[in-house]
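Asker: Below you will find the structure I want to go over with you.
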Amino acid sequence: NVQAIGMHANIFDRVGAGLSFFRDENGVISSNGISAGLSYFIPLGDNNERDEQFSFGSSVNLYNMNFDYGGLNPTDPGDPVLGGGANSVFLAHANLGMQARYRNISAGIAVNDIALNKNVSVTNGIEPAPTRFFVNLGYDWKISEDISVEPSALVNMNSNSSRMFDLNVLAHVYGDNTKYTAGFSYRTAANGLGSEQLSLSPILMGKVGRFSFGTVYNFSLSDISDVAGNGFTITLGYDLPNFINSYGFRY
122 NVQAIGMHAN IFDRVGAGLS FFRDENGVIS SNGISAGLSY FIPLGDNNER
172 DEQFSFGSSV NLYNMNFDYG GLNPTDPGDP VLGGGANSVF LAHANLGMQA
222 RYRNISAGIA VNDIALNKNV SVTNGIEPAP TRFFVNLGYD WKISEDISVE
272 PSALVNMNSN SSRMFDLNVL AHVYGDNTKY TAGFSYRTAA NGLGSEQLSL
322 SPILMGKVGR FSFGTVYNFS LSDISDVAGN GFTITLGYDL PNFINSYGFR
372 Y
């Protein structure tokens with residue numbers, strides 16, 4: 122169960138800034154935190170739009186993670202691993218990334234969850250929060266002036282040698298002041314023990330004027346779905362007039 126609220130803006134010239142707050146509950150583990158970041162973009166095209174550009178940036182996540190021992194139902198209640206100790210920890214992580222879009226092709230790389238504290242290896246040399254590496258590639262195929270299809274792929278690797286692969290297809294329909302999107306995402310995972318299908322997720326998104334929305338239903342394909350079930354995500358957004366930098370970006 123995750124809730125998040127955030128805002129980002131072009132604060133001056135080619136510099137952007139973002140701030141978000143989140144709460145994440147997963148079984149007996151809950152986290153509350155804040156994320157703040159800065160980015161810079163370089164235009165690649167000759168027009169005055171930002172549809173072709175190279176961007177890079179960094180952000181920091183600061184959050185407190187809590188563990189509710191009382192919510193456990195262990196097979197061995199006397200296991201010393203479950204006894205005592207602090208039930209909360211403060212974590213600080215850094216994230217780095219870059220993204221480019223040129224002539225309908227988009228690509229990016231990112232490194233997330235770079236530990237700024239609590240970065241000493243624990244049991245069996247496994248980090249409590251492994252660093253994650255992302256690589257994505259996509260192409261927006263223009264079928265007509267009002268319709269396009271966008272296939273893309275994402276690879277998510279981490280420092281514990283596990284990997285996730287996302288294959289996505291989105292169809293976009295454009296209007297005078299609207300944009301509607303429908304598609305799906307298919308996810309698999311692999312590590313040293315084998316591979317498994319994780320999920321198939323239909324996607325619906327739209328933008329009408331300054332208002333935007335999105336929804337995803339996650340059909341779990343793995344064995345854990347018998348216990349955890351499926352998932353549902355909904356997002357709402359509103360494009361406020363930029364009161365910080367009313368002049369916008371400049372070339």
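For reference, each letter of the sequence shown is one residue, going 122 to 372 in this note's numbering.
We put the CB at the ideal spot given by N, CA and C, even for glycine.
Could you tell me if residue 378 is buried or exposed, where buried requires 16 or more neighbouring beta carbons within 10 angstroms of its beta carbon?
Answerer: Because the chain spans 122 through 372 in this model, residue 378 falls outside it and cannot be assessed.
Asker: With distances taken between CB atoms, is the gap from residue 239 to residue 275 smaller than 8 angstroms?
Answerer: Walking along the sequence shown from the start, residue 239 turns up at place 118. Walking along the sequence shown from the start, residue 275 turns up at place 154. Against a cut-off of 8 angstroms, the Cβ pair of residue 275 and residue 239 comes out as no contact.
Asker: So who's on the other strand from residue 324, going by DSSP bridges?
Answerer: Within the sequence shown, residue 324 is the residue found at index 203, counting from 1. Beta-bridge pairing links residue 324 to 304 and 337.
Asker: Using C-beta distances below 8 angstroms, list every residue in its chain close to residue 305, excluding the 5 sequence neighbours before and after it, in chain order.
Answerer: As a position in the sequence shown, residue 305 is number 184, starting the count at 1. Taken in chain order, the residues that qualify are 289, 290, 321, 322, 323 and 324.
Asker: Let's test the definition: count the other Cβ atoms within 10 Å of the Cβ of residue 124 and tell me whether it reaches 16, buried, or not, exposed.
Answerer: Stepping through the sequence shown from its first residue, residue 124 is reached at position 3. Under this definition residue 124 is an exposed residue.
Asker: How about residue 177 and residue 208: are their beta carbons less than 8 angstroms apart?
Answerer: Here residue 177 corresponds to residue number 56 of the sequence shown, with the count starting at 1. Here residue 208 corresponds to residue number 87 of the sequence shown, with the count starting at 1. No, these two residues do not count as a Cβ contact at 8 angstroms.
Asker: Quick one: what does DSSP say residue 348 is sitting in, helix, strand or coil?
Answerer: For this step, residue 348 is matched to residue 227 along the sequence shown. In this structure, residue 348 counts as helix in the three-state DSSP scheme.
Asker: Taking its Cβ as the centre, do 16 or more other Cβ atoms sit within 10 Å of residue 246, making it buried, or is it exposed?
Answerer: Here residue 246 is taken as the residue at index 125 of the sequence shown, counted from 1. In this prediction, residue 246 has a pLDDT of 47, which is less than 50 and means its spatial position is unreliable; nothing more can be read from the coordinates.
Asker: Taking just the CA atoms, how far does residue 229 sit from residue 284?
Answerer: Here residue 284 refers to the residue found at position 163 when the sequence shown is read from its first residue. Here residue 229 refers to the residue found at position 108 when the sequence shown is read from its first residue. If I take the Cα positions, the gap works out to 17 angstroms.
Asker: Using the C-alpha atoms, what's the distance from residue 128 back to residue 326?
Answerer: What you label residue 326 is simply residue 205 of the sequence shown in a count that begins at 1. What you label residue 128 is simply residue 7 of the sequence shown in a count that begins at 1. Cα-Cα distance, rounded: 19 angstroms.
Asker: Once you ignore the five residues that flank residue 107 on each side, which residues in its own chain have a CB closer than 8 angstroms to its CB?
Answerer: The displayed coordinates of the chain run from 122 to 372. Any statement about residue 107 would go beyond what the structure contains.
Asker: Counting beta carbon pairs with one atom in the stretch 218-234 and one in the stretch 188-199, are three or more of them shorter than 8 angstroms?
Answerer: With the cut-off at 8 angstroms, the stretch 188-199 and the stretch 218-234 do not touch.
Asker: Provide the residue span of the beta strand (DSSP E) that contains residue 287, from first to last.
Answerer: What you label residue 287 is simply residue 166 of the sequence shown in a count that begins at 1. Per DSSP, residue 287 belongs to the beta strand (DSSP E) from 284-295.
Asker: Which residue from 367, 140 and 136 puts its Cα closest to that of residue 162?
Answerer: Within the sequence shown, the letter at position 41 stands for residue 162. Per the Cα distances, 136.
Asker: Check each candidate in 226, 345, 299 and 318 and name the one with the smallest Cα separation from residue 307.
Answerer: Numbered from its first residue, the sequence shown carries residue 307 at position 186. That would be 318, whose Cα lies nearest to the Cα of residue 307.
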